DNA sequence: GGTTTTGTAACCATGATGGTTACGATTGTG
DNA sequence: CACAATCGTAACCATCATGGTTACAAAACC
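Chains as they are written, first to last, in our numbering: chain E, 3 to 143; chain P, 3 to 143.
Written out as structure tokens, the structure is:
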């Protein structure tokens with residue numbers, strides 16, 4: 003399988019917050035842009051709040067605000083905040099320890115997979131929310 | 003989510019074929035090393051055969067053989083042969099085209115996600131089956 | 001007090017995944 | 001030719017992640 007849409011939606015949410023300025027946005031408004039249910043948005047925003055990217059405020063006029071400068075949030079940060087697991091899955095059952103390959107393949111693969119994941123994340127780290135929103139606005143014009 | 007164990011199992015299978023030399027291995031033997039069901043192995047090997055990495059032979063003494071030199075098969079090749087989809091998923095429903103962010107975020111993200119996937123694959127491409135088997139054998143000693 | 005909004009639990013439909021059984025087709029051996 | 005070994009593949013199932021939905025309590029503001 004592939005990485006779920008959580009990373010995409012989280013990036014969308016934060017890009018919208020960065021684009022729309024300092025006033026709070028409600029989960030319902032954000033859901034209208036993403037085209038999904040507000041609860042899905044709130045679930046994701048809960049993770050982004052744990053990571054310190056956003057804050058929330060209940061009641062009328064409430065909603066969600068960016069807490070950190072969008073130039074200091076990279077797509078890698080967002081991805082890590084909402085997608086916890088390692089990129090590659092190892093064997094579901096432990097391979098045969100009496101086979102020379104089975105006995106040692108996991109410890110060898112782990113290092114390779116971590117390097118591949120790090121390379122992917124480094125590429126995501128090259129784009130900040132400021133870059134992203136500028137790119138999006140460029141396409142809009 | 004993360005990448006399924008298909009890539010890991012496929013690498014395991016081909017490493018075993020490279021390690022055990024030219025004689026064919028049966029799916030049952032391979033399943034014993036991977037610790038799973040032979041049908042799971044045959045399903046994966048069917049994809050690897052489509053990619054031209056292995057050939058099969060029925061009947062007694064039959065089984066599976068590497069068709070290409072293990073120094074010319076990289077982990078990237080194996081990954082691509084068994085895991086088809088793009089690494090990142092976009093929105094499941096189309097974002098709101100009347101929102102400036104929603105209207106253009108997908109076309110912007112696609113390029114970024116492809117670059118991230120390419121970086122990950124480039125890292126996998128650094129390891130061939132020969133390298134991998136040597137690393138595994140080094141750990142075994 | 002009443003409205004708005006968040007916070008979160010609960011439930012569900014869907015799809016991917018991996019395991020299992022089953023059985024036909026092919027191949028080699030005696 | 002008969003038989004055993006092996007592949008090829010369909011069918012079914014249990015499990016899990018995902019995302020959508022409803023519901024409702026809690027907090028905040030007017």
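The C-beta atom is built at its ideal place from N, Cα and C for all residues, glycine as well. All values derive from a computational prediction rather than experimental measurement.
For residue 27 (chain P) and residue 18 (chain P), I'd like the C-alpha separation in whole angstroms. So the alpha carbons of these two residues sit roughly 9 Å apart.
Pair every Cβ in the stretch 87-97 of chain P with every Cβ in the stretch 43-63 of chain P, then say whether three or more of these pairs are closer than 8 Å. The count of Cβ pairs closer than 8 Å, one atom from the stretch 87-97 of chain P and one from the stretch 43-63 of chain P, stays below three, leaving the stretches out of contact.
Residue 137 (chain P) touches chain E at which residues, Cβ-Cβ below 8 Å? Chain E residues near residue 137 (chain P): 110.
Looking only at its chain, what residues have a beta carbon closer than 6 Å to the beta carbon of residue 15 (chain E), apart from the 5 residues adjacent to it on each side? Contacts found: 32.
How long is the line joining the alpha carbons of residue 138 (chain E) and residue 85 (chain P), rounded to whole angstroms? A straight-line Cα-Cα distance of about 30 Å links residue 138 (chain E) and residue 85 (chain P).
Threshold first: 4 residues or longer. Then list the alpha helix (DSSP H) segments lying entirely within the stretch 31-97 of chain E, N to C. Within the stretch 31-97 of chain E, the runs of alpha helix (DSSP H) that reach at least 4 residues and sit entirely inside it are, in chain order, 40-52, 77-84.
Could you tell me which of E:5, E:22, E:4, E:8 sits nearest to residue 132 (chain E), measuring between CA atoms? A check of alpha carbon separations from residue 132 (chain E) across E:5, E:22, E:4, E:8 identifies E:22 as the nearest.
Rounded separation between residue 149 (chain E) and residue 20 (chain P) - CA only: Because chain E spans 3 through 143 in this model, residue 149 (chain E) falls outside it and cannot be assessed.
Report all residues from its chain with a CB closer than 6 Å to the CB of residue 72 (chain E); omit the five preceding and five following residues, and keep chain order. Result list for residue 72 (chain E): 20, 131, 132, in chain order.
Taking 8 Å as the threshold (C-beta atoms), are residue 88 (chain P) and residue 50 (chain P) in contact? Taking 8 Å as the cut-off, the beta carbon of residue 50 (chain P) is found no closer than this to the beta carbon of residue 88 (chain P).
One question on the structure: do residue 3 (chain E) and residue 122 (chain P) come within less than 8 Å of each other, judged by their Cβ atoms? Their beta carbons are not under 8 Å apart, which means residue 3 (chain E) does not touch residue 122 (chain P) by this criterion.
For residue 5 (chain P), which residues of its own chain have a beta-carbon under 7 Å away from its beta-carbon, when the five flanking residues on both sides are left out? The beta carbon of residue 5 (chain P) lies closer than 7 Å to those of 85 in the same chain, with the five residues before and after it left out.
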